[in-house]
Amino acid sequence: MLLGLSTWPEVEHYLDDNTGIIVPVGSTEQHGPTGFLGTDFITATAIAEKCGEQTNCLVAPPITVGMAQHHMGFPGTITLRPGTYINVIVDWITSLSKHGFQRIYFINGHGGNIAPTITAFNEFYASVSLHPETKQSSTLCKLVNWWTMPGTDALIKDIFGEADGAHATASEIAITQYLHPDSIKPAPDDLEPAKTGSPALDIHNAYDFRRRFADGRIGSDVRKANPKDGEIIFNKAVREIAEDCSSFIRS
Ligand SMILES: [Zn+2]
Numbered sequence: 008m009l010l011g012l013s014t015w016p017e018v019e020h021y022l023d024d025n026t027g028i029i030v031p032v033g034s035t036e037q038h039g040p041t042g043f044l045g046t047d048f049i050t051a052t053a054i055a056e057k058c059g060e061q062t063n064c065l066v067a068p069p070i071t072v073g074m075a076q077h078h079m080g081f082p083g084t085i086t087l088r089p090g091t092y093i094n095v096i097v098d099w100i101t102s103l104s105k106h107g108f109q110r111i112y113f114i115n116g117h118g119g120n121i122a123p124t125i126t127a128f129n130e131f132y133a134s135v136s137l138h139p140e141t142k143q144s145s146t147l148c149k150l151v152n153w154w155t156m157p158g159t160d161a162l163i164k165d166i167f168g169e170a171d172g173a174h175a176t177a178s179e180i181a182i183t184q185y186l187h188p189d190s191i192k193p194a195p196d197d198l199e200p201a202k203t204g205s206p207a208l209d210i211h212n213a214y215d216f217r218r219r220f221a222d223g224r225i226g227s228d229v230r231k232a233n234p235k236d237g238e239i240i241f242n243k244a245v246r247e248i249a250e251d252c253s254s255f256i257r258s
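Numbering (the numbering used here) for the sequence shown: 8 to 258.
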């Protein structure tokens, strides 16, 4: 059930028995010479919608622009400043909580969203802890990144090993190829190997990123991406996240 295709009476009825909602969150940012700008919201949204079907949980519209300042050296990227992003997430949580949603499950497709999403959760919790009269004290939030789910991560390592890389990964591009086979951009055979690095340690500003990672990839061999492996990884992520989501919304 998708919030965007529901009416308010349907949502009111849903809330009689269910207080869980899934929110896909991604980014619009460069994904190397062959990856879609929408990669992160495309993967998160498709996984979220399938998880919603499997758990009978309502799925909110995707948040398609995230915190991606470091990718602004590449045309097409759109970013929210960290403070703006945090405010957006807090306002989504506050709005949903106000209607009675008490378990808000964010499925994330973009590493740059992790830190500000956790900060946003703490901003929301602080407003509850400091002002208990807001009556939103029972709302809890959880963030999962599809690629760091333990079983999915192990499967990705099995399939691609080191070639998966750390940005514009073979696995995320493979999933988008599975979801949008008519839009695949083939990687040239003579593509230079990507520079390696760690997004957790090596990310500063957009100029520095482009200087060090000239075509946008970090460590990924995108020639290995293919729709068949994308389907396998997608299905694994859906199974693993649906199970986790189910236990969270019942917790
Ligand atoms: Zn990505």
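Backbone N, C-alpha and C fix where the C-beta goes; we use that ideal spot for every residue, glycine too. In this text, all values refer to a predicted model and were calculated from it rather than measured experimentally.
Between V18 and L10, the alpha-carbon positions lie close to 8 Å from each other. Annotation for G27: the continuous beta strand (DSSP E) segment containing it runs 27-32. Inclusion of G204 and I191 in the CB contact set at 7 Å is not warranted, their separation being larger than that value. Three or more beta-carbon pairs drawn from the region 71-89 and the region 206-224 are found closer than 8 Å, and the two stretches are therefore classed as touching. Beta-bridge analysis with DSSP links H38 to G42. When C-beta atoms of the region 181-199 are compared with those of the region 34-51, three or more pairs fall below 8 Å, so the two segments count as touching. In the three-state DSSP reduction, R224 falls in the coil class, being neither helix nor strand.
Remark: C-beta atoms of G27 and C64 approach each other more closely than 7 Å.
The continuous stretches of beta strand (DSSP E) do not include N129, which lies in the alpha helix (DSSP H) extending over residues 121-137.
For I114, the enclosing beta strand (DSSP E) has its first and last residue at 110-115. Here S178 is buried: its Cβ has 16 or more other Cβ atoms, across all protein chains shown, within 10 Å. Secondary-structure assignment with DSSP links L147 through a beta bridge to R110. For E169, there is no enclosing alpha helix (DSSP H), as DSSP marks it with neither H nor E. Beta-bridge annotation (DSSP): V95 is not paired with any residue. Non-local C-beta neighbours of E238 in its own chain, meaning closer than 7 Å and more than five positions away in sequence, comprise Y185, ordered along the chain. The beta-bridge partner set that DSSP reports for I85 consists of T35. Put simply, the backbone Cα of I70 is about 6 Å away from that of P31. For the pair R110 and L150, the CB atoms are not nearer than the 7 Å cut-off.
As a beta-bridge residue in DSSP terms, V66 pairs with L9, I29. CA-CA distance, K105 to I210, rounds to 36 Å.
No residue range can be given for K202, since it is assigned to no alpha helix (DSSP H) and is classified by DSSP as neither H nor E.
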